[in-house]
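See below for the structure under consideration.
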Ligand SMILES: Cc1cc2nc3c(=O)[nH]c(=O)nc-3n(C[C@H](O)[C@H](O)[C@H](O)COP(=O)(O)OP(=O)(O)OC[C@H]3O[C@@H](n4cnc5c(N)ncnc54)[C@H](O)[C@@H]3O)c2cc1C
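Shown next as structure tokens:
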């Protein structure tokens, strides 16, 4: 028997692709979807922060387009950075046109200086993120965007982070593109998501729901509380039926790996300690509905400056007008925080309101018709030196015991919905292979 824990996209995709192989899927919440859930409030549909679909893998794109045939809309990205009281297009490094001339000059000269600096000989796991920024983008871009923005997002000094995750998220431009961007000349799209897809109705939850057509045996309200890895027994707290124990041949876990290891009571102490040292930041996702149409014409905006408490704000009704009542707008706003720090909801909303007013997005008399705060406990995992050393050993120990830890927090990585679906699919294909089946029988 295969036991899957967590019905986010990774767990749903694993179940969906196991067709024919017996499994049971356990989810602690009443609904499936994990981070890709949506909810209704006062006539608005909100996601648990902005969730937009972009693809690099043809098979996953085809799968999602098949699951949501006729229900996806394509959008050409309208994402901006707000700094020096100016909007510039994302990504910053190739779009400095419009900023004060001395800022553009610092960015250009800093970037040009990187072209003659010898490349680092350190591996990405050894080189700090701060060093990567300075080596690849230069002093000016570091000062005016990369460092303040990333410190706000990660909540730690950037020399504590490694650079082994940056390659696809932070594109390194060519000189021609940086110069064109400083002069306002556009001849190509940049970044990993120049366009994206989004469901026309129902929010992003339309995607996990679509998987349910090919998934059975889902047990809602069942939280994994303990795993006996030697006996291959997983114990769940079932909201309706109390404690239940499941025997498994293979356990597929998509819950955060530190949570999994903490529940595996018989793992070596060194592994348990290594998992405790994995760090992440949490995000307050504040969803707002306002009684005014078109508060912004953009999809989302990054805020690097300290004057604004949030690092990003987005406008869901610009992806799908069905997400709110006519004559209204909705926003999602994101504020990173240390998992141990708690800010009261009313304080958060006040800070956000005044930040949005300062940025000229809200008017002084803006009528907020609904406001809701969700705390995403595990939002962004920190790629630090501890992770680089500890994670491979943790995952190898789990695999040796028949436990596959997958998904964004199972692999403890910075990955997308597409990656979560892809990991579930590929693991299911592996588990269906004849060798795997023989190993399970043995
Ligand atoms: C702020 C933010 C913005 C993002 N924006 C985008 C975006 O625009 N585009 C994009 O592609 N990706 C985005 N992502 C990433 C995307 O959300 C994830 O890659 C994807 O949702 C991960 O799916 P998953 O199944 O791995 O994990 P999850 O969605 O976390 O699913 C894990 C499941 O396990 C369940 N669970 C946890 N503990 C237990 C337990 N003990 N017992 C039983 N069940 C348990 C949870 O309830 C959950 O349902 C964003 C992520 C964040 C944090």
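Numbering (this note's numbering), first residue to last: 6 to 447. Don't be surprised by glycine CBs; every beta carbon is placed ideally from N, CA and C.
**Asked** Rounded to whole angstroms, how far is the Cβ of residue 94 from the Cβ of residue 87, which I believe are closer than 8 Å?
**Response** Here the question's residue 94 lines up with position 89 in the chain shown. Here the question's residue 87 lines up with position 82 in the chain shown. Contact flag wrong, Cβ pair sits at about 11 Å.
**Asked** Name the DSSP bridge partner or partners of residue 409?
**Response** Indexing the chain shown from 1 puts residue 409 at position 404. Residue 409 is bridged to 257.
**Request:** Give me the Cα-Cα distance between residue 15 and residue 333, rounded to the nearest whole angstrom.
**Result:** Within the chain shown, numbered from 1, the residue matching residue 15 stands at position 10. Within the chain shown, numbered from 1, the residue matching residue 333 stands at position 328. About 34 Å.
**Message:** Less than 7 Å separating the Cβ of residue 433 from some heavy atom of ligand 1?
**Reply:** In the chain shown, the residue the question calls residue 433 occupies position 428. Incorrect: residue 433 has no Cβ contact closer than 7 Å to ligand 1.
**Asked** For residue 342, does the three-state DSSP call read helix, strand or coil?
**Response** In the chain shown, the residue the question calls residue 342 occupies position 337. In this structure, residue 342 counts as strand in the three-state DSSP scheme.
**Request:** Let me know if residue 343 comes out buried or exposed under the rule of 16 or more other beta-carbons within 10 Å of its beta-carbon.
**Result:** Taking the chain shown and counting its residues from 1, one reaches residue 343 at position 338. Classification for residue 343: exposed.
**Item:** Closest Cα partner of residue 177 within the set 215, 158, 226 and 117
**Value:** Here residue 177 refers to the residue found at position 172 of the chain shown. The shortest Cα separation from residue 177 among 215, 158, 226 and 117 belongs to 117.
**Prompt:** If we ignore side chains and look at the alpha-carbon of each, how far apart do residue 166 and residue 262 end up?
**Reply:** Taking the chain shown and counting its residues from 1, one reaches residue 166 at position 161. Taking the chain shown and counting its residues from 1, one reaches residue 262 at position 257. In a straight line, the C-alpha of residue 166 is about 19 Å away from that of residue 262.
**Element boundaries [alpha helix (DSSP H), containing residue 112]** = For this step, residue 112 is matched to residue 107 along the chain shown. Residue 112 -> alpha helix (DSSP H) spans 106–119.
**Prompt:** Per DSSP, residue 398 forms a beta bridge with which residues?
**Reply:** Here residue 398 corresponds to residue number 393 of the chain shown, with the count starting at 1. None, per the DSSP bridge assignment.
**Asked** Rounded to the nearest angstrom, how far is the Cβ of residue 472 from that of residue 53, given a contact under 8 Å?
**Response** Since the first and last residues shown for the chain are 6 and 447, residue 472 lies out of range.
**Prompt:** Which residue comes first and which comes last in the beta strand (DSSP E) that contains residue 290?
**Reply:** The sequence position of residue 290 within the chain shown is 285, counting from 1. It spans 285–295 - the beta strand (DSSP E) in which residue 290 sits, taken as one unbroken run.
**Asked** For residue 33, is the beta carbon positioned less than 7 Å from some heavy atom of ligand 3?
**Response** This structure lacks ligand 3; the ligands present are ligand 1.
**Request:** Output the residue ranges of the beta strand (DSSP E) runs that lie fully inside the segment 149–176 and measure 3 residues or longer, sorted by chain position.
**Result:** none
**Asked** Apart from the five residues on each side of it in sequence, which residues of its chain come closer than 7 Å, Cβ to Cβ, to residue 36?
**Response** Counting from one through the chain shown, the residue named residue 36 turns up at place 31. 42, listed in sequence order.
**Request:** Taking only heavy atoms of ligand 1 into account, decide whether any of them is closer than 7 Å to the Cβ of residue 380.
**Result:** The sequence position of residue 380 within the chain shown is 375, counting from 1. No.
**Request:** Output the distance between the C-alpha atoms of residue 48 and residue 330, rounded to the nearest integer angstrom.
**Result:** In the chain shown, counting from the first residue as 1, residue 48 sits at position 43. In the chain shown, counting from the first residue as 1, residue 330 sits at position 325. C-alpha separation (whole angstroms): 6 Å.
**Item:** At least 3 beta-carbon pairs within less than 8 Å: the segment 225–239 vs the segment 268–285
**Value:** yes
**Prompt:** Using the rule of at least 16 other Cβ atoms within 10 Å of the residue's Cβ for burial, across every protein chain shown, is residue 389 buried or exposed?
**Reply:** Residue 389 sits at position 384 when you count from the first residue of the chain shown. So residue 389 ends up on the buried side.
**Request:** Count the other C-beta atoms from every protein chain shown that fall within 10 angstroms of the C-beta of residue 112, then say buried if there are 16 or more, exposed otherwise.
**Result:** Taking the chain shown and counting its residues from 1, the one referred to as residue 112 is at position 107. Classification of residue 112: buried, given that the 10 Å Cβ count is 16 or more.
**Item:** From 406, 250 and 205, residue whose alpha carbon lies closest to that of residue 324
**Value:** Position 319 of the chain shown, counted from the first residue, corresponds to residue 324. Comparing Cα-Cα distances from residue 324 to each of 406, 250 and 205, the minimum goes to 205.
**Message:** Quick check on the DSSP output: the beta strand (DSSP E) that includes residue 91 runs from which residue to which?
**Reply:** Counting from one through the chain shown, the residue named residue 91 turns up at place 86. Note, residue 91: beta strand (DSSP E), 91–94.
**Request:** Take the Cβ of residue 345 as the centre, count every other Cβ of all protein chains shown within 10 Å, and call the residue buried at 16 or more, exposed below.
**Result:** Translated into the one-based positions of the chain shown, residue 345 becomes position 340. So residue 345 ends up on the exposed side.
**Asked** Is any heavy atom in ligand 1 found nearer than 7 Å to the beta carbon of residue 41?
**Response** In the chain shown, the residue the question calls residue 41 occupies position 36. True, at least one ligand heavy atom lies under 7 Å from that Cβ.
**Prompt:** For residue 226, which residues from the same chain have a beta carbon less than 8 Å from its beta carbon, with the 5 sequence-adjacent residues on both sides left out?
**Reply:** Within the chain shown, the letter at position 221 stands for residue 226. So the qualifying residues of the chain are 32, 33, 34, 35, 243, 244 and 245.
**Message:** At a cut-off of 7 Å, would you count residue 412 as near ligand 1, judging by its Cβ distance to the nearest heavy atom?
**Reply:** Locating residue 412 in the chain shown gives position 407, where the first residue counts as 1. Yes, Cβ of residue 412 sits closer than 7 Å to a heavy atom of ligand 1.
**Request:** Taking only the alpha-carbon atoms, compute the straight-line gap between residue 185 and residue 90 and give it to the nearest angstrom.
**Result:** Along the chain shown, one-based indexing puts residue 185 at 180. Along the chain shown, one-based indexing puts residue 90 at 85. Taking the straight line from one Cα to the other gives about 22 Å.
**Request:** Could you tell me if the beta carbon of residue 288 falls within a distance shorter than 7 Å of some heavy atom in ligand 1?
**Result:** Here residue 288 corresponds to residue number 283 of the chain shown, with the count starting at 1. Yes, ligand 1 has a heavy atom inside 7 Å of this Cβ.
**Prompt:** Which of helix, strand or coil does DSSP assign to residue 326?
**Reply:** As a position in the chain shown, residue 326 is number 321, starting the count at 1. DSSP places residue 326 in helix when its eight states are reduced to three.
**Request:** Kindly confirm or deny that the segment 52–72 and the segment 274–282 touch, where touching means at least three C-beta pairs closer than 8 Å.
**Result:** no
**Prompt:** If you follow the alpha helix (DSSP H) that residue 233 is part of, which residue opens it and which one closes it?
**Reply:** If you number the chain shown from 1, residue 233 lands on position 228. Run containing residue 233: none in the alpha helix (DSSP H); it sits in the beta strand (DSSP E), 227–233.
**Item:** residue 417, DSSP secondary structure in three states
**Value:** Here the question's residue 417 lines up with position 412 in the chain shown. Three-state DSSP puts residue 417 in coil, outside helix and strand.
**Asked** Out of 201, 164 and 19, which has the shortest C-alpha to C-alpha gap to residue 77?
**Response** The residue you call residue 77 lines up with position 72 of the chain shown. Measuring from the Cα of residue 77, the nearest candidate turns out to be 201.
**Asked** ligand 1 heavy atoms versus the CB of residue 23: any closer than 7 Å?
**Response** On the chain shown, residue 23 is found 18 positions in, with the first residue counted as 1. Residue 23 Cβ: outside cutoff for every heavy atom of ligand 1.
**the segment 58–65 in contact with the segment 420–432 per 3-pair CB rule at 8 Å** = yes
**Prompt:** Taking the runs of the beta strand (DSSP E) that are 3 residues or longer, which of them lie wholly in the segment 51–89?
**Reply:** 77–81 and 84–88
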